[in-house]
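First residue of the sequence shown? That's 52 in this note's numbering, and the numbers climb one at a time after it.
Working notes, beginning with the structure itself.
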Amino acid sequence: MNAELAVQKLLESVKEEAARNNYSKVTAVHVKLGSWETVSTQALVKTFDRMKDSHLLSQASLVIDKRKTLAKCRYCGNLFEVIYLKSRCKLCGSNYMEFVGDRGISLEWIDGVE
Ligand SMILES: [Zn+2]
């Protein structure tokens, strides 16, 4: 994912959200980052700080909730967090699993003042 493109889209949603809430200033932007995204949270924050060049967003900080990578055991259906690649199902010990995760960056909510 291209960080600039993602932030640009995000800023558009934030502006719409701010207008809906009658915010004159946005103080925090909370987003969810899919577990399969390769872009780092630091890169996103840097890009966000560089691109938020408006009065509305001058004091806004980006708060990122990076989702965990999950896997589902194909034997017993147990859902567990993958910490390293050779993780096994904690219930049955199987390593036959499918990864569960999402991509993209999505806006959760914004904090602001009227
Ligand atoms: Zn299992």
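Cβ coordinates follow ideal geometry from the N, Cα and C atoms, glycine included.
Note that the structure is a prediction, hence the values are computed from the model and not measured.
Exercise for the section: Helix, strand or coil for Val58, going by three-state DSSP, please let me know. Expected result: Along the sequence shown, read from residue 1 onward, the residue named residue 58 stands at position 7. Note: Val58 maps to helix in three-state DSSP.
Practice task
Flag this pair as touching only if the stretch 73-89 and the stretch 99-109 have three or more C-beta atom pairs under 8 Å; answer yes or no.
Solution key: yes
Problem - Element boundaries [alpha helix (DSSP H), containing Thr92] - result: The residue given as residue 92 occupies position 41 in the sequence shown. Unbroken alpha helix (DSSP H) run through Thr92: 92-102.
Exercise for the section: With a threshold of 8 Å, establish whether the CB of Ser145 neighbours any heavy atom of ligand 1. Expected result: Translated into positions along the sequence shown, residue 145 becomes position 94. Because some heavy atom of ligand 1 lies under 8 Å away, the Cβ of Ser145 counts as near it: yes.
Handout entry: Complete beta strand (DSSP E) runs within the stretch 96-151 (minimum length 3 residues, chain order)
Key = 112-117, 121-124, 130-132, 148-151
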